[in-house]
Every structure is written in structure tokens, then in C-alpha cells.
Amino acid sequence: MMHFETDRLVMSKISNDDAENLVTVLSDPDVMKYSTVGVHTEKQILAYIANCQQQYLANGYGHWAVYRKEDNAFVGVCGLNNHQVDNEDVFHINYRLASEHQGKGYAVESTLGVLAFAKKTLKLKSVHALIESDNVSSVKVVNRTGFTFAKATVFRGFNVDVYQVTL
């Protein structure tokens, strides 16, 4: 699948053409404040793009570039990761939106789009979210998209709350 859409957004596979836009998100300290990998350098962004492309080929999912339909403005990224959390393989949602696009419902809308993709295309039964407890904005997003608190744990050295939604 090359892309999918929600009411206001188009979500497409990340390509090298997105590199400049990705800098506005992945290199922004405010946006990346709660990221376990931190602010990205230009070299790390190119590696991120390559990793996304590898994930699409190997698994049929990954992170997607999020664009606003009305004017094709780059909003950010949203997608799925698969990691071991407490010795369990879990799919978890990940999103990063450019500062100017936060607070407009795009995180909720893109999350719902990815969840629909996860259910319909990947046939997943559940998706998780790993969120630091003081990341109030992300907690609001997962609460608005049907996730419920499952447990607290440590992931990559960070104390996180694990939320889960059944699809």
C-alpha cells in the first residue's frame, strides 16, 4: 500500500523526498522531548528514512509521512514499531508532529488511521502505546483513541506507561 487517507490527512511511505520536512520534526528538541532516541542529526534522518523503507519491504508497515490534504502541508510522522516490552513482542504506535500542527487533532486522526490500517491490513488484534507519564499531550491522544492504561514499565532506560487498545 503506497498510502492511505483520513478525513483531513494523507499518510504516505517516507522517502528521500521527505528529508527536508523530517528535519522540521525530528530535529526539533520540543517535538523530540519524549523520544527515546532524542533529536536527530541530518545523518540520523537519512538512516531513519532508510530504516522506514526497509520496514515497508520486510513487514508492510512502518512510519508514514503525514500530509494535510487541503494544501499538502507536511504535518509529521505516524506509524507502528514492533519491539520487545517486558519480554513480549508488541506493536506500538508512534507519532511526531511539527510544532505548528500540534493541538489541531492531527495526532488523534493519524493514530486512528494507523489503527484502522493495523486492523484491516495487518490483521492485528491490539496495539500499544509507550508514553512517559508526564507527556500529557500523548496521554490525551491515546485516551481519545480508545487506549487504556495497562501497566508501568521501563523501556530503553525510560520509565513509561504502557497503554493498549484492542482492535
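Residue numbers (my numbering): 18 to 184.
Don't be surprised by glycine CBs; every beta carbon is placed ideally from N, CA and C.
Three-way DSSP call (helix, strand, coil) for S29 in this model: strand
Within a Cβ cutoff of 7 Å, which residues of the same chain sit near R85, ignoring the five residues on either side of it in sequence? R25, L26 and V92
Along the chain, where does the alpha helix (DSSP H) containing K50 start, and where does it finish? Segment: none, K50 is in no alpha helix (DSSP H) and carries neither H nor E.
Three-state secondary structure (DSSP) of Q119: coil
Contact the segment 122-129 vs the segment 152-166: 3+ CB pairs below 8 Å: yes
Measuring only the C-alpha atoms, how far is L39 from S29? 13 Å
If I'm right that V171 touches H145 with Cβ under 8 Å, what's the distance once you round it to whole angstroms? That belief does not hold up - the Cβ atoms of V171 and H145 are roughly 15 Å apart, past 8 Å.
Beta carbon of D35 nearer than 9 Å to that of A115: no
Sequence-distant residues of the same chain with beta carbon closer than 6 Å to K168, five excluded per side: V179
Which of helix, strand or coil DSSP assigns to D65: The residue asked about is misnamed: residue 65 is Tyr in this sequence, not Asp. The answer is helix: DSSP assigns Y65 an H, G or I state.
Let me know the secondary structure DSSP gives K168 once reduced to three states. strand
Sequence-distant residues of its chain with Cβ nearer than 8 Å to L184 (five each side left out): L132, A135, K136, L141, K142, S143 and V144
By alpha-carbon positions, which one of T138, E59 and E149 ends up nearest to G77? T138
Roughly how many whole angstroms lie between the Cα atoms of K50 and L129? 23 Å
Cβ shell of N98 (< 6 Å), same chain only, five flanking positions each side left out: H109 and N111
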